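K.L.:
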Amino acid sequence: MAKLRHLALSVKDLEESAKFYESAFGMERVRQSKVAIMLSDGVVSLALLHLRSNDNAPDERGPDYVGLHHMGFLVDDVPASSEAVEAAGGTYHGQIMNVGGGPESERKYRDPNGVVIDVTSKAHADSSWRVPTDT
102 MAKLRHLALS VKDLEESAKF YESAFGMERV RQSKVAIMLS DGVVSLALLH LRSNDNAPDE
162 RGPDYVGLHH MGFLVDDVPA SSEAVEAAGG TYHGQIMNVG GGPESERKYR DPNGVVIDVT
222 SKAHADSSWR VPTDT
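So our numbering is basically just the index in the sequence shown, starting at one, shifted up by 101.
Here is the structure:
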């Protein structure tokens, strides 16, 4: 069974955006990098992204895009869930090349409306963002 794991917003200013969600909704900062801050309410995570180059934003939206970037689902079996996504009309979009584990750990799809969706294993989620996946 899949569970919504996170929403990712592409933002103009990482720190300003993080402070807003921390102050307004009590979200906790759980991880940070040069291009992302991951916040969590303990159940669902909010990934704030500031992708400054096309290397970090490898699709047609580019580094200046602001808005919903993608959403991620935590699944028990990435290959089986990928088959279900494709059977339902989703199209393969790729994977992030610097992510360990290969296609067995995370794949990206577009839904019929073009929204990007991550299909992610629990092991990958636990190792990559250290956000609780047991709830």
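All residues carry an ideal CB built from backbone N, CA and C; glycine is no exception. Bear in mind the structure is a predicted one, so any value in this text is a computation, not a measurement.
(1) Mind checking which residues open and close the beta strand (DSSP E) that includes L149?
(2) According to the Cβ coordinates, are M172 and I218 closer than 9 Å?
(3) So, does the region 161-178 touch the region 106-124, judging by three or more C-beta pairs under 8 Å?
(4) Figure out for me which residue from L115, E123, H194, E184 has the closest Cα to the Cα of E287.
(5) Can you list, in chain order, the residues of its chain whose CB lies under 6 Å from that of G191, leaving out five sequence neighbours each side?
(6) Hey, S183 and V220 are a contact pair by Cβ (cut 8 Å); roughly how many whole angstroms apart?
(7) Decide if S146 is buried, meaning its Cβ has at least 16 other Cβ atoms within 10 Å, or exposed.
(8) Please report the straight-line C-alpha distance between S206 and S222, rounded to a whole angstrom.
P.N.:
This is what the structure gives:
(1) DSSP places L149 in the uninterrupted beta strand (DSSP E) bounded by 146-150.
(2) yes
(3) yes
(4) Residue numbering for the chain in the displayed model covers 102 to 236; residue 287 lies beyond these limits and cannot be assessed.
(5) Y210, D212
(6) 6 Å
(7) buried
(8) Each residue's alpha carbon lies about 5 Å from the other.
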